[in-house]
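In our numbering, the protein residues as written are -11 to 92. In what follows, a single structure is set out as structure tokens and then discussed.
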Amino acid sequence: GKAGNFFGGSARGLNPQLTTVASIKAFPRNVEIEFEGPVAGGTMKKFHYSISLITGSRGFKPRVADQRVGYFVTTYTDLGQYDADEKSRRLINRWHIEKADPKL
């Protein structure tokens, strides 16, 4: 199968004929899918997909992460990039932090 495209080397040797769906959960904004199967060496391993709706934020614009600088990043595979060589995207995490008590 193509699980290696998402899970890299950890899915090496995964046998699709022996793989089963462990759980599927659907929510209004996301779907969670977990499956289990034997990998190289005969051990059983679980894999988890999170497919979610990407929503807008409070005026923050995505900023592409630079691998030379240490940031907290979110990495995802952009399946809409059919003709791009690089489908993996790394964006810097940004937070909108407000004081619980603005008087402090």
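In this text, a Cβ means the ideal position worked out from N, Cα and C, and glycines have one as well.
Does the Cβ-Cβ distance between L123 and P50 come in under 7 Å?
In the structure as shown, the chain starts at -11 and stops at 92, and residue 123 therefore has no counterpart that could be examined.
Here's the rule I'm using: 16 or more other beta-carbon atoms within 10 Å means buried, otherwise exposed. How should K(-1) be labelled?
The residue you call residue -1 lines up with position 11 of the sequence shown. Inspection of the sequence shows that residue -1 is occupied by Ala rather than by Lys. By the neighbour-count rule (16 or more Cβ atoms within 10 Å), A(-1) is buried.
DSSP-derived helix/strand/coil call for P26
Here residue 26 refers to the residue found at position 38 of the sequence shown. DSSP places P26 in strand when its eight states are reduced to three.
What three-state label does DSSP hand A(-1) in the structure shown?
In the sequence shown, residue -1 corresponds to position 11, counting from 1. Three-state DSSP puts A(-1) in a helix.
From L41 to P16, what distance separates their C-alpha atoms?
Start at 1 with the first residue of the sequence shown, and residue 41 comes out as number 53. Start at 1 with the first residue of the sequence shown, and residue 16 comes out as number 28. Their Cα atoms are separated by approximately 9 Å.
What is the C-beta distance between E24 and T8, in whole angstroms, given that I count them as a contact (C-beta under 8 Å)?
Taking the sequence shown and counting its residues from 1, the one referred to as residue 24 is at position 36. Taking the sequence shown and counting its residues from 1, the one referred to as residue 8 is at position 20. Yes, they are in contact, since the Cβ atoms of E24 and T8 sit about 6 Å apart, within 8 Å.
Would you decide whether V52 is buried or exposed? Buried here means 16 or more other CB atoms lie within 10 Å of its CB.
Counting from 1 along the sequence shown, the entry for residue 52 is found at position 64. Exposed.
Boundaries of the beta strand (DSSP E) in which H36 is found, first to last residue:
The residue you call residue 36 lines up with position 48 of the sequence shown. Note, H36: beta strand (DSSP E), 32 to 40.
Close-in-space but distant-in-sequence residues of the same chain around D89 (CB under 6 Å, 5 per side omitted)
Here residue 89 corresponds to residue number 101 of the sequence shown, with the count starting at 1. Same-chain partners within the cutoff: there are none.
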